[in-house]
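For our numbering, count along the sequence shown from 1 and bump the result up by 17. C-beta atoms are modelled at their ideal positions from N, C-alpha and C, and glycine is treated no differently. Since this is a predicted model, take the numbers as computed values, not measurements. One structure is given here, and the rest of the page talks about it.
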Amino acid sequence: MSDWSKSQKNANNARVEKMTEDASKFLGGVLGDISSRSAYTQIAIGATSGWFTGFATMKIGKFAAFAIGGGIILMEIAHQEGFIEIDWSKITGKLDKVTDKVETAVTGQEKKLDRED
18 MSDWSKSQKN ANNARVEKMT EDASKFLGGV LGDISSRSAY TQIAIGATSG WFTGFATMKI
78 GKFAAFAIGG GIILMEIAHQ EGFIEIDWSK ITGKLDKVTD KVETAVTGQE KKLDRED
């Protein structure tokens with residue numbers, strides 16, 4: 018890494034730290050101690066922060082669902098076209114092991130094998 022990129026990285030880090038401090042001061046001033054404010058202000062702040070949290074969660078959830086679903090579809094297309102080979106017996110075996118571990122953790126009982134000898 019050259020000296021120029023180190024100095025640029027340090028400058029960028031300083032800017033990010035300054036922005037973080039400014040945002041913290043702003044939020045501290047706006048939301049500092051809302052218990053001393055009127056009930057209407059507390060309701061407005063709570064509703065607004067809840068709306069923003071829900072909005073952000075919705076956007077992140079949609080992106081995650083799109084990314085995971087798209088990845089699964091691309092893997093299936095690659096499998097159908099012969100680019101990759103999926104060992105379904107290996108996947109099924111590992112899923113069975115995970116299922117058994119989850120069942121054991123939830124119920125506290127080992128899985129009983131139903132074998133006909």
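> So, are the CB atoms of His96 and Ile89 less than 7 Å apart?
Replying inline: On the sequence shown, residue 96 is found 79 positions in, with the first residue counted as 1. On the sequence shown, residue 89 is found 72 positions in, with the first residue counted as 1. In this structure, Ile89 does not lie closer than 7 Å to His96 by Cβ.
> Expressed to the nearest angstrom, what Euclidean distance is found between the alpha-carbon atoms of Phe83 and Ile101?
Replying inline: Taking the sequence shown and counting its residues from 1, one reaches residue 83 at position 66. Taking the sequence shown and counting its residues from 1, one reaches residue 101 at position 84. Going from the Cα of Phe83 to the Cα of Ile101 covers about 22 Å.
> What residue range is occupied by the uninterrupted alpha helix (DSSP H) comprising Ile51?
Replying inline: Position 34 of the sequence shown, counted from the start, is the residue given in the question as residue 51. It is not in any alpha helix (DSSP H) - Ile51 carries neither H nor E in the DSSP assignment.
> Are Ile62 and Ile51 close, meaning C-beta to C-beta below 7 Å?
Replying inline: As a working note, residue 62 is residue 45 in the sequence shown. As a working note, residue 51 is residue 34 in the sequence shown. A contact, by the Cβ cut-off of 7 Å.
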